[in-house]
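With positions in the sequence shown counted from 1, the corresponding number in our numbering is that position plus 10.
Read the structure below first, then the notes.
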Amino acid sequence: MQYKMLVLDMDDTLLTDDHTISEENKVMLAKAKDLGVYVVLASGRPTPAMTAYAKELQLDDSYMISYNGAVITDLSNDEIIFEQTLTQEQIHALYDYSLEHKTHIITYVNNQIVSETDSQYIDVEKNITGLAHNKVADFKAEVQSSAIKCILLEDPEYLKKVETHLKEAMPHLSVCMSKPFFLEVAQNGIDKAASIRFLADKLNIHQQEIIAVGNAGNDLTMVEYAGLGVWVDNVTPELRDRADVIVASNNDHGVAEVVRRFILN
């Protein structure tokens with residue numbers, strides 16, 4: 011099979027634990043690009059927290075999927091070609107839900123992380139994205155328009171229970187785990203697979219010509235959708251049997267292995 015698109019989750023997949031791209035991964039991704047393969051970053055990260063990595067990989071002739079599929083950007087001109095938001099009413103309802111179920115909640119306004127609370131888990135998001143944290147006295151008063159997504163944050167064991175309940179309570183929304191302490195909520199129908207399908211249709215690329223590589227629950231739809239679905243070895247344990255193949259971990263250049271085994275050969 012000649013693959014034409016390689017879709018990569020970022021945190022804990024393409025990126026090492028210190029949020030860098032290994033030289034091995036860079037070299038192999040450059041080889042894939044030289045063969046005409048579209049290298050597409052697909053992350054739960056906000057768009058501004060991805061652009062430096064896209065530039066580092068010289069993806070200026072490709073596309074980027076951010077906010078877990080809610081936004082697609084054409085990197086050749088920085089034009090947003092797809093965007094789907096949560097309504098203000100949905101965000102306020104999620105805030106009420108978070109209060110009732112005792113979780114932290116964040117959203118994004120003007121490229122800032124907005125919350126009423128501090129948390130070690132919010133600190134992780136600040137560290138990952140590099141975005142400023144706007145801690146406000148009144149979340150609803152601050153959020154007076156639509157926004158791309160929300161994240162509920164809490165201890166992983168407890169948050170897993172919240173995930174199950176939230177899916178039942180709000181079946182009209184898209185709910186998934188991106189980290190054990192990040193429960194991400196987007197508009198109905200929004201996930202990485204849906205955005206890959208949109209992009210593939212635009213580029214006239216068939217499903218079987220796509221490789222998707224990930225490690226967590228928010229990657230599951232794209233890994234199952236792609237012609238070749240790949241986990242890195244540090245995949246969330248309960249998902250290990252849901253991909254076609256498992257490669258080396260994010261710290262051991264698993265993405266480079268994918269290119270070497272399935273694109274160069």
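Glycine residues also receive a C-beta, built at the ideal position from the N, C-alpha and C atoms.
Values in this document were obtained by computation on a predicted structure and should not be read as measured data.
- What is the rounded straight-line gap between the Cα of residue 233 and the Cα of residue 66? Distance between the alpha carbons of residue 233 and residue 66: 25 Å.
- Message: Using 8 Å for Cβ pairs, my map puts residue 46 next to residue 77. What's the rounded Cβ distance?
- Response: About 28 Å; that fails the 8 Å criterion.
- Message: Check whether the segment 50-64 and the segment 200-217 touch, using three or more Cβ-Cβ pairs below 8 Å as the test.
- Response: yes
- Item | Own chain residues within Cβ distance below 6 Å of residue 58, not counting five before or after | 121
- Whole alpha helix (DSSP H) elements within the segment 135-177, 4-residue minimum: 149-152
- Query: Between the Cα of residue 191 and the Cα atoms of 179, 204, 165, 214, which residue gives the shortest distance?
  - Reply: Closest by alpha carbon: 165.
- Message: List, from N- to C-terminal side, the beta strand (DSSP E) runs of 3 residues or more that fit wholly inside the segment 199-241.
- Response: 220-224
- For residue 126, which of helix, strand or coil comes out of DSSP? Residue state, collapsed to three classes: coil.
- Query: Taking just the CA atoms, how far does residue 136 sit from residue 73?
  - Reply: Distance between the alpha carbons of residue 73 and residue 136: 24 Å.
- Note down the Cα distance separating residue 236 from residue 147, rounded to an integer number of angstroms. 43 Å
- Task: Assign residue 199 to one of two classes, buried (16 or more other C-beta atoms within 10 Å of its C-beta) or exposed (fewer than that).
- Result: Residue 199 should be labelled exposed.
- Sequence-distant residues of the same chain with beta carbon closer than 7 Å to residue 253, five excluded per side: 233, 239, 240, 241
- Message: Can you tell me whether residue 11 is helix, strand or coil according to DSSP?
- Response: coil
- For residue 161, which option in 186, 145, 154 has the closest C-alpha, if you only look at C-alpha atoms? 186
- Query: Are the segment 75-89 and the segment 100-108 in contact at 8 Å, needing three or more beta carbon pairs?
  - Reply: Too few Cβ pairs lie closer than 8 Å, so no.
- Counted within 10 angstroms of its Cβ, other Cβ atoms place residue 139 as buried (16 or more) or exposed: buried
- For residue 259, count neighbouring C-beta atoms within 10 Å of its own C-beta (all shown protein chains included) and say buried if the count is 16 or more, exposed if not. buried
- Query: Can you tell which of 182, 171, 274, 96 has the C-alpha that lies nearest to the C-alpha of residue 112?
  - Reply: 171
- With distances taken from CA atoms, which of 163, 229, 270 is nearest residue 202? 229
- Item | DSSP-derived helix/strand/coil call for residue 197 | Residue 197 carries a strand assignment under DSSP once its states are collapsed to helix, strand and coil.
- Residues near residue 63 by beta carbon distance below 7 Å, same chain, minus five either side: 20, 31, 51
- How many angstroms separate the CA atom of residue 41 from the CA atom of residue 182? 42 Å
- Residue range of the beta strand (DSSP E) that residue 84 falls in? 81-84
- Item | Straight-line gap, residue 175 to residue 115 (C-alpha atoms, nearest Å) | 16 Å
- Message: If you measure between the beta carbons of residue 221 and residue 17, is that distance less than 8 Å?
- Response: Less than 8 Å divides the Cβ of residue 221 from the Cβ of residue 17.
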